Each structure stands twice: as C-alpha cells, then as structure tokens.
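Counting in our numbering, the sequence shown runs without a single skipped number right up to 1413 at its last residue.
Yeah, the Cβ is synthetic: ideal placement off N, Cα and C, and Gly gets one too.
Values in this document were obtained by computation on a predicted structure and should not be read as measured data.
A short worksheet on the structure shown next.
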Amino acid sequence: MTSAMDRRRFLGMGMAASAVAASPAKAMGWAFGQAAQVPDRVAQGREAALKTPITTTKLYDNVYLLQGAGGNMALQTGRDGLVLIDSSFSTSVPKVREAIAAVSHDSAEALINTHWHYDHTDGNEGMRAAGYSIYAHKNTRERMSTPQTIQFFHLVMPPSPAPALPSITFSDSMQAWHNGDSLDMVHFDPAHTDTDIYIHFQKANVLHVGDIWFNGFYPFIDESTGGAISGMINASAKALAVADGSTKIIPGHGPLGAKADLQKYHDMLSAVRDKVAALKAGGASEQEVVAKKPTADFDAAWGKGMLGGDVFAGIVYRTV
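Put into structure tokens, the structure is as follows:
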C-alpha cells in the first residue's frame, strides 16, 4: 500500500499517537527500567552510548546528520516540527536531545525508524516521551512487538515496551510534505532485514538508507530476520536509482557518502556474491568456500570493520 499525506495529516497522526506517550514524570525511567530485561550485548551498547558524544553535521539548510554510538541519525528542522530518523540507544537520548536543541527549538513531531534493530530503535521510548510519534514499516512494529532471535550474535531480544513501538506503519511507501520538503519513505525488499526502508528528503537531496549500507566495511546481514546478500545488492541498486551525483547519502553505519561510494559498495557485494554462488553451485561446502578466500580482492578495503572477509563469506554462502 502506498500512502501520501500533507502536513495536517502528518500532524494529526502525530497528535493521536502522542496520546499513548509516557508522561514527562515517567520519562526518566526508560533508560534504566529495561536494563535487567535485555541481553548483555544491548547493555554493553547502552554503556558505550553513555561515553560517546553526538556529533552534528549540517547537510542542508534544515537537515543534519547526527552520529553517536548507535546507527546514524538524521534530523529535519522547521516550523512544522522536528523529524528525526532513528533513535540510537536509550542512554543516548539525553545527548541526542541536547544536540537537537543546539540547532533548533522547534517542537517534536516524527521519529522514523529505518528498521527494527536495537541500535536504531532502543531510544524510541525516550523520544516518544519527548513528544515524537513513531513511523516505520509494518514489519518493524511486528518484529519489535514479539521476541526476536539474531542467530549470528546468539542474541534473543525480548519484545519492546509498548511506548517504543511504531504507532504509524505502512507496507510499501509513504510520502509526507513537511518543512517545505517532500519526504519519501520506501520499503526495500528483504535486504539487511525484512524491515528496511529509505527516507529521501527530495529538496534537500539527502537520502538515509539505513543498514543496507555499511560505508567502508563489510555489512552485517541479519539472516534470522529476512536478510540476504541478493536483497542487499537489490536494495543498494534501488538506492542508487534514487540518488544523483549531488545526493548526500547517509549509511546506517560509517561516514556520510555519495553515489560513487555507494556504487563501489554495490559492486563489491555483487562480485563477492557471484564468486560464492559459483562455488556453492559447484558443490563446495561453506567451510570449503571460506577456505578459497572469495573476498581476498576486497579485504584490504572492506575488511577492517566488524566483520572480516571469512565471516562475511560465510554469511554470503548461507544467504545466497
């Protein structure tokens, strides 16, 4: 389903959604009230977020990139209200709000989640308490509202509390006119997960693609919740079709990039997929494929992040 809305509709949905937000008196509890319920990995992320500053980069007159311990965020300011993309960790919320206040005193309006993963959504409850209504693909709400397993990390995530859940969802795409710009929110077919979307600020020419792009290193693909290498390739191609040579592209992780950077990433994914697929089709096991080093030509440039080439080759093998 595709939907479009003007500012009045966007605002009306936000007011309805805000009715279920936590009261200001309860707002201080969200960062710590879940601590005993979450896995160690999430607790470690929250601890890191306490020590990590938020950096702000102006991308357009009223659009900013915010970076901290979690996934990259974006902010649109203006009289129609603030639009924030992703919420990082719960313990980052006070710093995120301070970073926002440093560039704008506009009222809170909408928080858009690029996908369901905790390093992009753990701050949802705190941002809802600050007055934001939460938008996302329908699968993001479904994933967040039920227990989820990320097998790669041996991680079992409990359901998120009700105030953290997106209250406005869509299937294929949604368009909103806000602060003098048109915002396109479009679902990718399963790629990093089955919940991924991009957000394109058309006038500002800023494109946030979430975790379908890890800029400068091999990406994590969450095979437990629908992710697959071919989906990542298709998603990056879809994003490339939206961008032009002047588009500022925000990855889920890593530095701000341009279309040429995303093209290099797309080409790397395609080359590794093709090598692994050919070996697998020839009967090679995962261990045999990894031993043949199908990522060798790319490891120097892409293997310095969370995943080394051997680990990435294994993920590609399992999802090709």
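Whole-angstrom C-beta distance between residue j and residue i, which should lie under 8 Å
i, j, result
"I1205", "I1292", "6 Å"
"K1386", "G1402", "7 Å"
"Y1272", "D1173", "Correcting the residue identity first, residue 1272 is Asn in this sequence and not Tyr. Yes, N1272 and D1173 are in contact; Cβ-Cβ is about 5 Å, under 8 Å."
"W1306", "G1345", "6 Å"
"V1259", "R1234", "The residue asked about is misnamed: residue 1259 is Pro in this sequence, not Val. The pair is a contact, with the Cβ atoms about 5 Å apart (cut-off 8 Å)."
"T1412", "G1320", "7 Å"
"I1243", "D1315", "6 Å"
"A1203", "V1176", "5 Å"
"G1161", "K1188", "7 Å"
"A1223", "R1190", "6 Å"
For residue j and residue i, the rounded distance between their alpha carbons
i, j, result
"I1342", "R1221", "26 Å"
"D1354", "A1336", "11 Å"
"K1296", "A1195", "23 Å"
"M1166", "D1215", "13 Å"
"L1362", "M1325", "8 Å"
"A1323", "M1250", "It is Ser, not Ala, that sits at residue 1323 in the sequence shown. Answer to the nearest angstrom: the Cα atoms are 26 Å apart."
"P1256", "Y1311", "33 Å"
"I1408", "V1365", "11 Å"
"K1331", "Y1225", "29 Å"
"P1382", "Y1410", "One point to set straight first is that residue 1382 is Val, not Pro, in the sequence displayed. Distance between the alpha carbons of V1382 and Y1410 is about 8 Å."
"S1378", "S1264", "37 Å"
"A1334", "A1351", "13 Å"
"T1149", "K1368", "39 Å"
"S1200", "V1156", "15 Å"
"N1232", "T1388", "32 Å"
"A1124", "T1184", "Because A1124 carries a pLDDT of 42, less than 50, the predicted location of this residue cannot be relied on, and the following value inherits that uncertainty. Cα-Cα distance, rounded: 6 Å."
"I1147", "A1374", "46 Å"
"T1239", "L1248", "14 Å"
"M1399", "F1246", "12 Å"
"L1276", "L1158", "16 Å"
"D1074", "P1348", "The displayed coordinates of the chain run from 1094 to 1413. Any statement about residue 1074 would go beyond what the structure contains."
"Q1169", "D1179", "12 Å"
"K1151", "A1192", "12 Å"
"F1182", "T1286", "19 Å"
"S1253", "H1210", "11 Å"
"G1163", "D1360", "26 Å"
"Q1380", "S1317", "20 Å"
"S1339", "Q1356", "14 Å"
"Y1153", "S1197", "14 Å"
"A1406", "N1308", "18 Å"
"D1391", "Y1358", "For the record, residue 1391 in the displayed sequence is Phe; it is not Asp. One C-alpha to the other measures close to 10 Å."
"L1104", "Q1241", "Because L1104 sits at a pLDDT of 44, beneath the cut-off of 50, its placement in the model cannot be relied upon, and the following sentence gives the value as read from the coordinates. Spanning the two alpha carbons is a distance of roughly 32 Å."
"S1329", "D1289", "12 Å"
"A1370", "G1171", "48 Å"
"V1062", "F1313", "The structure shown does not extend to residue 1062, since the chain is modelled only from 1094 to 1413, so the question has no answer here."
"D1212", "K1397", "20 Å"
"N1217", "N1327", "29 Å"
"Q1130", "L1372", "42 Å"
"G1219", "G1376", "50 Å"
"V1135", "F1294", "31 Å"
For residue i, the residue or residues it bridges with in DSSP
i, result
"W1270", "S1275"
"T1288", "The partner list for T1288 (beta bridge, DSSP) is empty, contrary to what the question assumes."
"F1307", "H1346"
"Q1160", "T1148"
"V1196", "Paired residues: none, contrary to the question."
"L1355", "In DSSP, L1355 forms no bridge with anything."
"L1143", "DSSP, once it has assigned bridges, lists no residue as partnering L1143."
"L1362", "Note: L1362 sits in no beta bridge, so no partner."
"L1168", "Y1157 and L1177"
"F1294", "L1276 and V1299"
"A1203", "V1176 and S1226"
"T1262", "A1229"
"K1341", "V1299"
**Report entry** Ordered list of alpha helix (DSSP H) runs contained in the region 1365–1406, each at least 4 residues
**Finding:** 1379–1384 and 1392–1395
Query raised in the report: Is the number of C-beta pairs between the region 1300–1309 and the region 1262–1270 that are closer than 8 Å three or more?
Result: no
Query raised in the report: Using 8 Å as the Cβ pair cut-off and three pairs as the minimum, do the region 1280–1287 and the region 1133–1140 touch?
Result: no
Report task. Output the residue ranges of the alpha helix (DSSP H) runs that lie fully inside the region 1215–1259 and measure 4 residues or longer, sorted by chain position. Result -> 1217–1222 and 1231–1237
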